[in-house]
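A short worksheet on the structure shown next.
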Amino acid sequence: MESWIDLYDNMGNFLAPSMAKDHPNLPVVKEEGCYYYGADGKKYLDFTSGIAVANTGHRHPKIVQSIKDAADQLIHGPSGVIMYESILELSKQLGEILPGDLDCFFYGNSGTEAIEGALKLAKFTTERPYVISFTGCFHGRSMGALGVTTSKSKYRKFMQPSHLSYQIPYANVKEAPVGVDPVKYVVDKLEHDFDLLFKHQVTPEEVAAVIVEPVLGEGGYVIPPKEWLHKIREVCDRHGMLLIFDEVQTGFGRTGEWFAAQTFDVTPDIMAIAKGIASGLPLSATVASHNLMEKWPIGSHGTTFGGNPIACSVALTTLEIFKEENLIENSKVVGAYAVEQLKTIQTKYDCIGEVRATGLMIGIDVIEPKTGHGDGDALKRILDLALEEGVLFYLCGNEGEVIRMIPPLTITKEQIDDGINMLDQALQKYTNELK
Ligand code: PLP
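Each residue of the sequence shown is one higher than the one before, counting from 99 in the numbering used here.
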């Protein structure tokens, strides 16, 4: 019988390239804590968290037990047909950690679904047709979510979504002219960009919502000044537009608070949450106040699998682990420690540009030293070498030029040291290769 590694070698025959060809596609047999166990018998330190999902670490013993316990009772729960404790208890507990009056939930299975729900809720309740999003943001790939996603044009090629949205630029403090305060620059520019849009393309009365990633994720881990997010809130309030935060990636402790909304002290009207909320089980939610949600009548949206009872039970256990193990605090403390260590790497290698972080959401620019431009080819080589050393990173940025470092929030300072030492070795090898 073929071993599965033979299947791996021929996966192009079975899996669509759009599914099978991402980087690095490490063949693994097991995951535990902050590690993957490779099919090659090696242990790999994971600085990806399965793309910001395994915030409690992989296969936390309490999560494994919670899955077993829940499966002993209920496996499928089409809400509406039946109702069960975990979905109600989870809603109550999530309402306690979410900002403002965000305490009413529509559950789905993926981040994309949570975004679809957010867009539909905004359009339905405002009776306005259009949405504004920010250039470079990623919100998912279904036709609705794609309608506001502009991180890469290849996502939209030959499938430009028909529902109209408008884009304005994301905050870029690097554009500020010398001598101009960068925060004032991006805030003024934002006001100006909204003005231009409203003057020339769409009236604010036609805009249902503004959707934004409070930290640009796939687009390159760009952290905007909080004043910029406050200005978006102000413009939304001025024109009766709803503010949607896509917290699919920033949520659940990643930025050093439960949600980026708290990190930046801005409360949206609608939030999309997913990824880390159920420690790897598929669960997401569109969240709004009860007042807004109750305007969305039965039948205007629905789901078969959303809010699965096992996933809801596991989300409750995830909350428990966060509290018991102080993962929010760990995100802040260990995140700051990681940045300190990375800054020493930055001074050693001229291909490492800016290092930026909020909590354990860390972006490391890989640049072409002479021009300072992002260098996606160099990044790929460096990450391959890092993988040989035994540490797994992911990437982001329009050219794939930013190392995305998102370890589980259970990570220790010692494990950070291990991973950064391996990155150091990889950079040393890469530098030698260039000689
Ligand atoms: N929004 C953001 C900010 C994301 O990072 C992602 C996925 O990476 C999505 C939406 C889509 O989530 P999913 O892949 O679970 O559909």
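Glycine included, each C-beta is placed from N, C-alpha and C at the ideal position.
Values in this document were obtained by computation on a predicted structure and should not be read as measured data.
Please find out if some non-hydrogen atom of the ligand PLP comes closer than 7 Å to the beta-carbon of residue i.
| i | result |
| --- | --- |
| serine 208 | yes |
| isoleucine 342 | no |
| glutamine 347 | yes |
| alanine 476 | no |
| isoleucine 149 | yes |
| alanine 358 | no |
| histidine 237 | yes |
| alanine 307 | no |
| glutamate 214 | no |
| alanine 114 | no |
| alanine 413 | no |
| alanine 372 | yes |
| glycine 315 | yes |
| glutamate 303 | no |
| glutamate 606 | The requested residue 606 does not occur in the structure, where the chain is confined to residues 99 to 533. |
Which stretch, first to last residue, makes up the beta strand (DSSP E) that contains residue i?
| i | result |
| --- | --- |
| glycine 136 | 133-136 |
| serine 382 | 382-386 |
| tyrosine 142 | 141-144 |
| glutamate 129 | 126-130 |
| isoleucine 368 | 368-371 |
| leucine 340 | 340-344 |
Let's see if you can read the secondary structure: which residues bound the alpha helix (DSSP H) around residue i?
| i | result |
| --- | --- |
| glutamate 332 | 324-337 |
| tyrosine 319 | That residue, tyrosine 319, is in no alpha helix (DSSP H); it is neither H nor E in DSSP. |
| methionine 109 | Element bounds for methionine 109: n/a, residue is neither H nor E. |
| alanine 524 | 511-532 |
| valine 285 | 280-298 |
| glycine 193 | 183-195 |
| glycine 148 | 147-150 |
| isoleucine 165 | 159-169 |
| alanine 306 | No alpha helix (DSSP H) holds alanine 306; the beta strand (DSSP E) holding it covers 305-310. |
| alanine 359 | 358-361 |
In whole angstroms, what is the alpha-carbon distance linking residue i and residue j?
| i | j | result |
| --- | --- | --- |
| serine 231 | glutamate 332 | 16 Å |
| leucine 417 | arginine 352 | 14 Å |
| glycine 242 | aspartate 286 | 30 Å |
| threonine 508 | alanine 114 | 34 Å |
| alanine 274 | leucine 532 | 34 Å |
| alanine 169 | tyrosine 135 | 26 Å |
| valine 385 | glutamine 347 | 15 Å |
| leucine 381 | phenylalanine 296 | 36 Å |
| glutamate 438 | isoleucine 408 | 39 Å |
| glycine 139 | leucine 314 | 36 Å |
| alanine 455 | isoleucine 180 | 43 Å |
| glutamate 211 | leucine 493 | 23 Å |
| proline 259 | proline 159 | 43 Å |
| aspartate 515 | proline 467 | 25 Å |
| phenylalanine 236 | phenylalanine 362 | 19 Å |
| histidine 156 | glutamine 444 | 29 Å |
| asparagine 108 | serine 116 | 15 Å |
| isoleucine 426 | lysine 441 | 23 Å |
| valine 320 | isoleucine 173 | 39 Å |
| isoleucine 330 | leucine 340 | 10 Å |
| asparagine 123 | valine 151 | 17 Å |
| glutamate 304 | alanine 269 | 24 Å |
| methionine 99 | threonine 529 | Low confidence applies to methionine 99: its pLDDT is 43, below 50, so where it sits in the model is not reliable, and the reading given next is rough at best. Rounded to the nearest angstrom, the two C-alpha atoms are 43 Å apart. |
| leucine 192 | glutamate 183 | 14 Å |
| alanine 306 | tyrosine 283 | 27 Å |
| glycine 404 | asparagine 207 | 5 Å |
| aspartate 448 | lysine 527 | 14 Å |
| cysteine 410 | aspartate 120 | 29 Å |
Going along the chain, which residues of its own chain have a beta-carbon closer than 7 Å to the beta-carbon of residue i, five neighbours each way excluded?
| i | result |
| --- | --- |
| glycine 148 | Gly378 |
| glutamate 499 | Asp463, Val464, Gly472, Asp473, Gly474, Leu477 |
| isoleucine 103 | Pro125, Ala137 |
| glycine 198 | Thr365 |
Give every residue of the same chain whose Cβ lies closer than 6 Å to the Cβ of residue i, excluding the five residues on either side of it in the sequence, and list them in chain order.
| i | result |
| --- | --- |
| proline 280 | Val271, Ala274 |
| asparagine 406 | none |
| phenylalanine 343 | Pro312, Ala359, Pro366, Met369 |
| leucine 485 | Pro122 |
Below 8 Å CB to CB, which residues in the same chain sit around residue i once its five sequence neighbours on both sides are set aside?
| i | result |
| --- | --- |
| serine 249 | Gly234, Cys235, Phe236, Glu316, Gly317, Asn496 |
| serine 398 | Lys218, Phe222 |
Quiz item: Can you list the beta strand (DSSP E) stretches of 3 or more residues lying completely in the region 206-277, in chain order?
Solution: 228-233, 263-267
Quiz item: Where in the region 418-456 do unbroken runs of the beta strand (DSSP E), each at least 3 residues long, occur, reported from the N-terminal end onward?
Solution: 450-456
Quiz item: Enumerated in chain order, which unbroken segments of the beta strand (DSSP E) with a length of 3 residues or greater are wholly contained in the region 478-508?
Solution: 492-494, 500-503
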